[in-house]
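Numbering-wise (full-length UniProt numbering), the sequence shown opens with residue 1 and increments by one. The C-beta atom is built at its ideal place from N, Cα and C for all residues, glycine as well. Have a look at the structure below, then the notes.
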Amino acid sequence: MTRRHGNSKTDVVESVSVIVGDSVTLQTDVTQIQSNDVIEWSFEGYAIARVNSDSSNRVQVNPAGKFRNKLQLDSQTGDLKIRDIRTADSGLYELDINSPTGLSKKTFNVSGVIDLASDGVTVVSVIERDSVVLPSGLTKIQREDQITWKFKDTLIAEINPTAGLFSTYDNVLDGDSDTGCI
């Protein structure tokens with residue numbers, strides 16, 4: 001959906017999710033910057049990058065602050081690449097393309113999200129009151145293994161074959177003493 005306001009064109013906000021540590025390229029949808037075009041990028045209202053076609057496509061990128069060494073601006077298209085995304089980089093990135101034919105605006109809502117799988121965390125979705133099996137990743141517990149399951153900081157299950165221990169929080173959980181699944 002595109003709305004026109006006088007000589008200006010405004011696009012809806014585009015949501016972009018990026019795994020923390022990865023890079024993202026915010027695209028202008030311009031194939032080639034035209035003569036007299038000025039492309040400006042801002043983050044939360046602060047200018048961070050600019051291409052001015054009047055000056056031989058001179059590229060200016062904010063060299064200091066939170067984006068130090070993280071931004072790359074394509075001098076042909078105006079696309080903005082953000083490297084090594086952090087959660088602190090989440091927010092609104094605004095693009096202004098000022099050309100002789102008018103002003104175009106585009107907004108990106110970038111979210112830096114944590115990749116739980118890379119931390120050994122598995123996300124499991126279930127319907128409330130349904131049963132779910134949480135696998136330990138083991139096929140057979142060895143005598144020297146010790147497994148603890150926690151919900152937030154609360155111990156909910158513990159398996160220690162050496163001590164002959166298999167206990168669950170409040171006897172609500174059911175577990176498998178061979179595999180460590182609950």
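Quick check: the Cα distance between residue i and residue j, rounded to an integer number of angstroms?
{"i": "residue 160", "j": "residue 136", "result": "14 angstroms"}
{"i": "residue 15", "j": "residue 38", "result": "24 angstroms"}
{"i": "residue 46", "j": "residue 80", "result": "15 angstroms"}
{"i": "residue 84", "j": "residue 92", "result": "17 angstroms"}
{"i": "residue 2", "j": "residue 87", "result": "Low confidence applies here, because residue 2 scores a pLDDT of 32, under 50, leaving its location unreliable and the question unanswered by this model."}
{"i": "residue 157", "j": "residue 147", "result": "8 angstroms"}
{"i": "residue 12", "j": "residue 143", "result": "59 angstroms"}
{"i": "residue 183", "j": "residue 173", "result": "This structure leaves residue 183 out entirely; the chain is present only between 1 and 182."}
{"i": "residue 125", "j": "residue 68", "result": "38 angstroms"}
{"i": "residue 107", "j": "residue 66", "result": "20 angstroms"}
{"i": "residue 112", "j": "residue 70", "result": "14 angstroms"}
Helix, strand or coil for residue i per DSSP?
{"i": "residue 54", "result": "helix"}
{"i": "residue 107", "result": "strand"}
{"i": "residue 81", "result": "strand"}
{"i": "residue 150", "result": "strand"}
{"i": "residue 91", "result": "strand"}
{"i": "residue 22", "result": "coil"}
{"i": "residue 102", "result": "strand"}
{"i": "residue 170", "result": "helix"}
{"i": "residue 137", "result": "coil"}
{"i": "residue 65", "result": "helix"}
Using a Cβ cut-off of 8 angstroms (strictly closer), state whether residue i contacts chain D.
{"i": "residue 74", "result": "As a matter of chain content, chain D is missing from the structure shown, which is built from one protein chain."}
Within its chain, find whatever has a CB closer than 8 angstroms to the CB of residue i; leave out the 5 residues flanking it on each side and keep chain order.
{"i": "residue 154", "result": "169"}
{"i": "residue 44", "result": "91 and 92"}
Among the options, which one has its Cα closest to the Cα of residue i?
{"i": "residue 32", "options": "97, 139 and 61", "result": "97"}
{"i": "residue 89", "options": "180, 164 and 21", "result": "21"}
{"i": "residue 78", "options": "110, 145, 130 and 42", "result": "42"}
{"i": "residue 25", "options": "53, 48, 73 and 44", "result": "73"}
Give me, in chain order, the residues of the same chain whose beta-carbon lies closer than 6 angstroms to that of residue i; leave out the 5 immediate sequence neighbours on both sides.
{"i": "residue 138", "result": "179 and 180"}
{"i": "residue 149", "result": "156, 157 and 182"}
{"i": "residue 134", "result": "182"}
Given residue i, which residues of its chain have a CB within under 7 angstroms of its CB, disregarding the five upstream and five downstream residues?
{"i": "residue 5", "result": "Summary for residue 5: the model assigns pLDDT 40, below 50, so the residue's position carries little reliability, and this model does not support an answer."}
{"i": "residue 114", "result": "20"}
{"i": "residue 99", "result": "34, 36 and 37"}
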